[in-house]
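Enquirer: So the sequences go chain by chain: A and B. Just add 32 to the spot in the first sequence (first one is 1) and you have this note's numbering. Just add 853 to the spot in the second sequence (first one is 1) and you have this note's numbering. My questions will all concern the structure given below.
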Amino acid sequence: QQQVKQSPQSLIVQKGGISIINCAYENTAFDYFPWYQQFPGKGPALLIAIRPDVSEKKEGRFTISFNKSAKQFSLHIMDSQPGDSATYFCAALGYSTLTFGKGTMLLVSP
Amino acid sequence: ETGVTQSPTHLIKTRGQQVTLRCSSQSGHNTVSWYQQALGQGPQFIFQYYREEENGRGNFPPRFSGLQFPNYSSELNVNALELDDSALYLCASSLAGAGGYNEQFFGPGTRLTVL
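This is the structure we're talking about:
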């Protein structure tokens, strides 16, 4: 049973465009929703995170939108850059453990 | 402040063997979680250790076991290796009991190949 569903599986965006990655969760016990960025050969690095009592959080070019009633959240990367090319994972934290989505491979073309 | 480190970087074993992977937590962190990341997949939670005791376990068989030491470093042991155990094994450390959310910081992982 996949508790966090992520889409799309892959995404190609032109430089300067907006990248959007969506996630949906099932377990209402989740109480913290981080996004991780992973480059090949590296471990995931925390990018940005949101609590369920907040509908939006912005840090630089990265924004999380959160819809508690729909149990959905999304990552928006504004002004996407080639250096943003990586795999992005949404996750949900419950009982101190993280449940990850399957990941989105983002390619930003120059 | 040092980040999470893992050793070895890469490892090749044959089916049926046993393996031990090591992790050093980020300075000041008291909790370690281990994840298995198969190729093209998201990390899957194996177990977590807090104050040297297992504090939660995912859907992994008992041949996956672990230890946490007084200095909060940790080991992941896998017995009777199977081909499907080939994956990137990630260690993440966090600080529990400090209030707020226990953000987890990941190491670079150990790439295990089982032949």
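Note that the Cβ used here is the ideal one computed from N, Cα and C, for glycine as well.
(1) So which residues of chain A does B:GLY962 contact, with C-beta pairs closer than 7 Å?
(2) For the region 79-95 of chain A, which residues have a CB atom closer than 8 Å to at least one CB atom of chain B, in sequence order?
(3) Three or more C-beta pairs closer than 8 Å, one from the region 86-94 of chain A and one from the region 37-56 of chain A: is that the case here?
(4) Taking Cβ positions only, does A:LYS103 come closer than 8 Å to chain B?
(5) For the candidate residues B:THR966, B:GLN957, B:LEU968, B:LEU965, whose alpha-carbon lies nearest to that of B:TYR902?
(6) In the region 897-944 of chain B, which residue ranges form an unbroken beta strand (DSSP E) of at least 3 residues, counting only runs that do not cross its ends?
(7) Taking 8 Å as the cut-off, decide whether the C-beta atoms of B:GLY919 and B:LEU934 are in contact.
(8) DSSP on A:GLY73, reduced to helix/strand/coil?
(9) Which value, in whole angstroms, describes the spacing of the CA atoms of A:PRO102 and A:GLN38?
(10) Rounded to whole angstroms, how far is the Cβ of B:ALA949 from the Cβ of B:ASN883, which I believe are closer than 8 Å?
(11) Express the C-alpha separation of A:GLU88 and A:HIS108 in angstroms, rounding to a whole number.
(12) Is the shortest distance between the beta-carbon of A:TYR57 and the beta-carbons of chain B less than 8 Å?
(13) Between the C-alpha atoms of A:CYS122 and B:LYS866, what's the straight-line distance to the nearest angstrom?
(14) Identify the contact partners of A:THR131 in chain D, using a Cβ-Cβ distance below 8 Å as the criterion.
(15) Report all residues from its chain with a CB closer than 6 Å to the CB of B:ARG964; omit the five preceding and five following residues, and keep chain order.
(16) How would you label B:GLY962, buried or exposed, when you count the other beta carbons within 10 angstroms and need 16 or more for buried?
(17) Who pairs with B:TYR888 in a beta bridge, going by DSSP?
(18) Measuring only between beta-carbons, confirm whether B:ASN883 sits less than 8 Å from chain A.
(19) In angstroms with no decimal places, state the Cα-to-Cα distance between B:PRO923 and B:GLU907.
(20) If distances are taken between C-alpha atoms only, which option among B:PHE959, B:ASP938, B:GLY960 comes closest to B:GLN870?
(21) Would you identify the three-state DSSP class for A:PRO142, choosing helix, strand or coil?
(22) Tell me the rounded alpha-carbon separation between A:GLY133 and A:PRO40.
(23) Could you say which of B:GLY893, B:SER878, B:ILE899, B:VAL885 lies nearest to B:GLY856 if we only look at CA atoms?
Expert: Concretely, from the data shown:
(1) Mapped onto the second sequence, residue 962 of chain B falls at position 109. Result: GLY75.
(2) ALA81, ARG83
(3) Cβ pair count under 8 Å is below three, so no.
(4) Numbered from 1 along the first sequence, position 71 holds the residue referred to as residue 103 of chain A. No, A:LYS103 does not count as interfacial toward chain B.
(5) Against the second sequence, residue 902 of chain B aligns to sequence position 49. Answer by Cα proximity: B:GLN957.
(6) The qualifying runs are 897-903, 906-910, 917-921, 927-931.
(7) Locating residue 919 of chain B in the second sequence gives position 66, counting from the first residue. Locating residue 934 of chain B in the second sequence gives position 81, counting from the first residue. No.
(8) Counting from 1 along the first sequence, the entry for residue 73 of chain A is found at position 41. Here A:GLY73 sits in coil by DSSP.
(9) Reading the first sequence from its first residue, position 70 is the one you call residue 102 of chain A. Reading the first sequence from its first residue, position 6 is the one you call residue 38 of chain A. It is Ala, not Pro, that sits at residue 102 of chain A in the sequence shown. If I take the Cα positions, the gap works out to 14 Å.
(10) In the second sequence, the residue the question calls residue 949 of chain B occupies position 96. In the second sequence, the residue the question calls residue 883 of chain B occupies position 30. At roughly 6 Å, the Cβ-Cβ gap stays under 8 Å, so B:ALA949 and B:ASN883 are in contact.
(11) Within the first sequence, residue 108 of chain A is the residue found at index 76, counting from 1. Within the first sequence, residue 88 of chain A is the residue found at index 56, counting from 1. Their Cα atoms are separated by approximately 11 Å.
(12) For the purposes of this step, residue 57 of chain A is identified with residue 25 of the first sequence, where counting begins at 1. By this cut-off, A:TYR57 is not an interface position.
(13) As a first step, residue 122 of chain A is located in the first sequence; it is residue number 90 there, counting from the start. As a first step, residue 866 of chain B is located in the second sequence; it is residue number 13 there, counting from the start. When rounded, the distance between both Cα atoms is 31 Å.
(14) The displayed structure is made up of protein chains A and B, and chain D is not among them.
(15) Here the question's residue 964 of chain B lines up with position 111 in the second sequence. The answer, listed in chain order, is HIS863, LEU941.
(16) Locating residue 962 of chain B in the second sequence gives position 109, where the first residue counts as 1. The residue is buried, with at least 16 neighbouring Cβ atoms inside 10 Å.
(17) If you number the second sequence from 1, residue 888 of chain B lands on position 35. Per DSSP, the beta-bridge partners of B:TYR888 are B:PHE898, B:LEU943.
(18) For the purposes of this step, residue 883 of chain B is identified with residue 30 of the second sequence, where counting begins at 1. No, no contact with chain A.
(19) As a position in the second sequence, residue 923 of chain B is number 70, starting the count at 1. As a position in the second sequence, residue 907 of chain B is number 54, starting the count at 1. When rounded, the distance between both Cα atoms is 14 Å.
(20) Reading the second sequence from its first residue, position 17 is the one you call residue 870 of chain B. Checked all of B:PHE959, B:ASP938, B:GLY960; the closest Cα to B:GLN870 is B:ASP938.
(21) In the first sequence, the residue the question calls residue 142 of chain A occupies position 110. Looking at A:PRO142 - three-state DSSP - the assignment turns out to be coil, as it is neither helix nor strand.
(22) Counted from its first residue, the first sequence places residue 133 of chain A at position 101. Counted from its first residue, the first sequence places residue 40 of chain A at position 8. If you draw a straight line from the Cα of A:GLY133 to the Cα of A:PRO40, it comes to about 11 Å.
(23) Within the second sequence, numbered from 1, the residue matching residue 856 of chain B stands at position 3. If we check each option's Cα against that of B:GLY856, B:SER878 comes out closest.
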